[in-house]
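This report concerns only the one structure given below.
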Amino acid sequence: MLNQEAARLDAAIASSSIIQDLASSDEDEDSRIPSDLTNDYHPGRGDDYCLYQEDEGTADQHQTSSDGAGLWVAADGTDLASHCQVFKINTAQLRNPVEQLSDLRHLALHDIYYFDPSDQNVSTSKDWPTDLHDQAVATFKISPPPKAAGSPAWCLEISLSDYKHWTESVAYAASHLIKAIESGNMVDVYSMQAIVALLPTFVGSLPDDSLEDSYVHNFIAPVFKPIFASEPSLRVEWANGHLQKKTVAKRNQVSGRNHKDYKPDFTASAKATNSWISIVVGEFKKPGYSPTMESDFLKIGKQMRSMINDLVRQNVCGPVVCGILVQGRQIRTFKMDLVALKTYRMIKIGQISMFEGKGDLSNLPAIVSRLMQVKAIAIETAHSAKSIAVERHTTLSNASLSPQAQWLSDENFILRKRKAPNCDQ
Numbered sequence: 077m078l079n080q081e082a083a084r085l086d087a088a089i090a091s092s093s094i095i096q097d098l099a100s101s102d103e104d105e106d107s108r109i110p111s112d113l114t115n116d117y118h119p120g121r122g123d124d125y126c127l128y129q130e131d132e133g134t135a136d137q138h139q140t141s142s143d144g145a146g147l148w149v150a151a152d153g154t155d156l157a158s159h160c161q162v163f164k165i166n167t168a169q170l171r172n173p174v175e176q177l178s179d180l181r182h183l184a185l186h187d188i189y190y191f192d193p194s195d196q197n198v199s200t201s202k203d204w205p206t207d208l209h210d211q212a213v214a215t216f217k218i219s220p221p222p223k224a225a226g227s228p229a230w231c232l233e234i235s236l237s238d239y240k241h242w243t244e245s246v247a248y249a250a251s252h253l254i255k256a257i258e259s260g261n262m263v264d265v266y267s268m269q270a271i272v273a274l275l276p277t278f279v280g281s282l283p284d285d286s287l288e289d290s291y292v293h294n295f296i297a298p299v300f301k302p303i304f305a306s307e308p309s310l311r312v313e314w315a316n317g318h319l320q321k322k323t324v325a326k327r328n329q330v331s332g333r334n335h336k337d338y339k340p341d342f343t344a345s346a347k348a349t350n351s352w353i354s355i356v357v358g359e360f361k362k363p364g365y366s367p368t369m370e371s372d373f374l375k376i377g378k379q380m381r382s383m384i385n386d387l388v389r390q391n392v393c394g395p396v397v398c399g400i401l402v403q404g405r406q407i408r409t410f411k412m413d414l415v416a417l418k419t420y421r422m423i424k425i426g427q428i429s430m431f432e433g434k435g436d437l438s439n440l441p442a443i444v445s446r447l448m449q450v451k452a453i454a455i456e457t458a459h460s461a462k463s464i465a466v467e468r469h470t471t472l473s474n475a476s477l478s479p480q481a482q483w484l485s486d487e488n489f490i491l492r493k494r495k496a497p498n499c500d501q
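Just so we're on the same page, our numbering is the position in the sequence shown counted from 1, plus 76.
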């Protein structure tokens with residue numbers, strides 16, 4: 077199956093001399109990338125699985141090798157999208173694929189290219205010249221997170237103080253919440269609002285985190301709710317909400333597109349025409365959890381691509397979506413955009429440690445700041461979606477499809493046990 081995919085890719089981009097040159101100069105990559113051939117994020121996965129490509133359905137008829145070409149270029153003129161496509165071609169040609177492919181390469185098979193601005197070694201650009209990686213990073217347009225004012229000191233004092241009763245700590249936090257509201261610093265406001273909600277369960281004993289639901293309820297929800305639920309343009313859903321709404325699902329069924337109906341742990345959606353479309357997705361796993369098949373890192377990348385596709389098909393131009401991945405004591409935030417034909421950039425925009433109890437609540441303002449960075453991106457995309465809805469309502473007609481509709485990818489590779497039907501041996 078992967079050899080067929082490699083052949084299809086070669087044919088699709090045969091007219092691109094840039095890619096041909098790159099591929100020929102990098103043809104031995106599979107023999108010199110041992111650091112990438114790991115079972116990262118899923119240590120329980122072994123030889124019992126195969127990689128299966130689901131039916132793509134009806135492909136977009138307007139895609140050609142020249143659509144979107146040259147739109148993502150480095151300062152020196154290098155076509156960065158072509159370099160990403162070479163990474164996918166080499167991935168498709170690797171031998172013993174399932175046991176060797178890392179999450180980075182699984183994402184590439186789905187036309188998703190991951191970049192960590194601060195760590196080239198874990199990025200799609202890991203084999204690029206360092207200067208080229210730096211030029212790619214310069215195109216990411218990552219706005220810095222907002223800064224806190226008084227909340228770091230307040231949270232530190234709370235974390236170091238002993239209270240006879242939880243009401244004392246809440247009273248202290250509430251007094252500083254009032255100060256934060258008066259100052260207008262929203263990082264301080266959301267931080268102290270979360271502290272007030274957390275302290276009744278954090279003072280005296282550590283709340284339960286043995287189950288995913290209890291972990292989300294006791295640790296995550298008190299921080300997320302004030303930040304995202306307070307924004308009028310966003311609708312927040314928790315656990316088992318559907319990433320893809322019924323209207324979109326019905327439209328894709330009619331068009332023949334194979335679109336997985338994801339059920340993430342958290343979504344924030346924006347109104348686009350007659351439906352709500354997710355623009356922020358969250359996956360949360362309690363400490364110690366380790367998946368054996370599809371990792372949450374891979375899962376959230378595929379979900380973000382699905383959100384991009386839904387927005388583009390709603391004529392939202394240049395949408396940017398976000399993902400929040402909480403794995404035990406680590407939080408990572410991402411943004412994704414579509415910059416060329418089948419070239420989805422998944423960019424890490426933040427990483428920070430999750431608090432474990434009252435003793436490290438001093439870290440809370442930094443967490444809030446990173447979530448507000450995600451929220452700012454979401455609001456911008458929500459406003460773009462709303463403007464399209466208003467345009468359709470005022471003109472009473474459907475706008476022409478966004479040019480990016482020609483760039484979309486619906487390919488989906490899934491892991492299956494070898495005894496499953498249609499599983500390549």
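For every residue, glycine included, the Cβ atom is placed at its ideal position computed from N, Cα and C.
Spanning the alpha carbons of Lys462 and Lys451 requires a straight line of approximately 16 Å.
Taking the C-beta atoms as reference points, Val388 is found no nearer than 7 Å to Tyr266. In the DSSP assignment, Thr419 falls within the beta strand (DSSP E) that extends over Thr419 to Ser429. Residue state for Gly280 is assigned as coil, using DSSP reduced to three classes. Taking 7 Å as the cut-off, the Cβ atoms of Pro340 and Gln379 count as close. With contacts defined by Cβ atoms closer than 7 Å, Leu275 and Pro298 do not form a contacting pair. The stretch 255 to 272 and the stretch 283 to 296 do not touch, with fewer than three beta-carbon pairs separated by less than 8 Å.
If you ignore the 5 residues before and after Ile218, its C-beta comes within less than 6 Å of the C-beta of Ile425, all in its own chain and listed in chain order.
Measuring C-alpha to C-alpha distances from Ile490 to each of Gly153, Arg181 and Val162 identifies Arg181 as the nearest. Counting along the chain, the unbroken alpha helix (DSSP H) around Ser259 starts and ends at Trp242 to Ser259. A distance below 6 Å between beta-carbons, with the five flanking residues on each side excluded, links Ile464 to the following residues of its chain, in chain order: Asn391 and Val392.
Here the C-alpha atom of Asp386 lies approximately 12 Å from the C-alpha atom of Val396. Non-local beta-carbon contacts of Ala315 in its own chain, meaning distances under 6 Å to residues more than five positions away in sequence, involve Asp341 in chain order.
Sequence-distant partners of Asp285 (beyond 5 residues in either direction) whose C-beta falls short of 7 Å from its own C-beta, in its chain, are Tyr291, Asn294, Phe295, Lys362 and Pro363. Counting along the chain, the unbroken alpha helix (DSSP H) around Arg181 starts and ends at Asp179 to Leu185. Taking 8 Å as the upper bound for CB-CB distance, Tyr128 and Gly377 are not in contact here, some 18 Å apart. For Val272, the secondary structure class from DSSP, reduced to helix, strand or coil, is helix.
Counting only the Cα atoms, Lys301 lies some 21 Å from Tyr248. In the three-state scheme derived from DSSP, where H, G and I count as helix and E and B as strand, Gly399 is classed as strand. For Phe304, the enclosing alpha helix (DSSP H) begins and ends at Ala297 to Phe304. The continuous beta strand (DSSP E) containing Gln406 extends over residues Gln406 to Ala416. DSSP places Leu232 within a helical segment (H, G or I) once states are collapsed to three.
Shortest Cα-Cα distance from Leu287 to any of Met412, Leu440 and Phe360 involves Phe360. In the DSSP assignment, Gly377 falls outside any beta strand (DSSP E) and within the unbroken alpha helix (DSSP H) covering Asp372 to Arg389.
In the DSSP assignment, Tyr189 falls outside any alpha helix (DSSP H) and lies within the beta strand (DSSP E) extending over Ile188 to Phe191. Annotation: the continuous beta strand (DSSP E) that includes Ser351 extends over Ser351 to Lys361. For the pair Ile234 and Leu437, the CB atoms are nearer than the 7 Å cut-off. With the rule of 3 Cβ pairs closer than 8 Å, the stretch 221 to 235 does not count as touching the stretch 158 to 171.
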